[in-house]
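Asks: I am attaching a structure below and will ask some questions about it afterwards.
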Amino acid sequence: MRSEAGGPVQLSPAVALIEAHSELMTLFFRHISACPPHGPFRHYSALTFTERVRHWIQRNAPDREAELRDVITPTAVLQLMEKYYDTRHLQSWPLLYVPAQVNVRDVDMLIEKHEGLSTG
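Per my numbering, residue 227 is the first one in the sequence shown, and the count goes up by one each step.
As structure tokens, then:
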């Protein structure tokens with residue numbers, strides 16, 4: 227991965243933390259296959275992944291919640307996405323079918339709805 231100036235990009239420690247955790251990487255690759263970070267949608271994908279991780283940590287790694295919650299941010303997730311995925315793909319496509327503004331509240335509501343369907 228290269229910066230706009232052509233040099234190597236300095237990755238945040240959060241990227242290394244996620245990469246060192248096989249379950250988080252599995253969740254990451256599953257997420258980008260369901261919510262690809264194409265062009266204008268990369269921020270939406272990073273936000274939804276960050277929220278999915280927050281919910282996942284509460285259920286599956288409560289002992290590491292403090293460590294992971296503060297480190298895994300949409301900015302770190304964007305860096306991880308740039309490392310494994312060409313987010314410039316489809317960047318010139320217009321926003322035709324998604325709301326222009328996505329809030330954390332909306333993401334939480336969708337996750338809760340999905341969890342309710344999978345447990346019910």
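Cβ coordinates follow ideal geometry from the N, Cα and C atoms, glycine included.
In whole angstroms, what separates the C-alpha of R290 from that of E245?
Replies: Those two C-alpha atoms are separated by around 15 angstroms.
Asks: Given a cut-off of 7 angstroms, decide if V303 and L243 are closer than it, judged by their beta-carbon atoms.
Replies: No, these two residues do not count as a Cβ contact at 7 angstroms.
Asks: For the putative contact between M307 and I337, defined by C-beta atoms under 8 angstroms, what is the C-beta separation to the nearest angstrom?
Replies: Contact doesn't hold; Cβ gap of about 19 angstroms is too wide.
Asks: Can you tell me whether K309 sits near the ligand GTP, meaning its C-beta is under 6 angstroms from at least one heavy atom of the ligand?
Replies: Ligands displayed in this structure: none; no statement on the ligand GTP is therefore possible.
Asks: Below 7 angstroms between beta carbons: does that hold for V333 and T274?
Replies: The answer is yes: Cβ separation under 7 angstroms.
Asks: What's the C-alpha gap between R228 and A287?
Replies: For R228, the predicted model reports a pLDDT of 47, less than 50, meaning its position is unreliable and no value from the coordinates is stated.
Asks: Less than 8 angstroms between the CB atoms is what I'm expecting for T313 and T299, so what's the real figure, rounded?
Replies: Not a contact, Cβ separation roughly 17 angstroms.
Asks: Apply the 10 Å Cβ neighbour rule to S248 and answer buried if 16 or more other Cβ atoms are within range, or exposed otherwise.
Replies: Flag for S248 reads exposed.
Asks: To the nearest angstrom, how far is the alpha carbon of G265 from that of T301?
Replies: Going from the Cα of G265 to the Cα of T301 covers about 15 angstroms.
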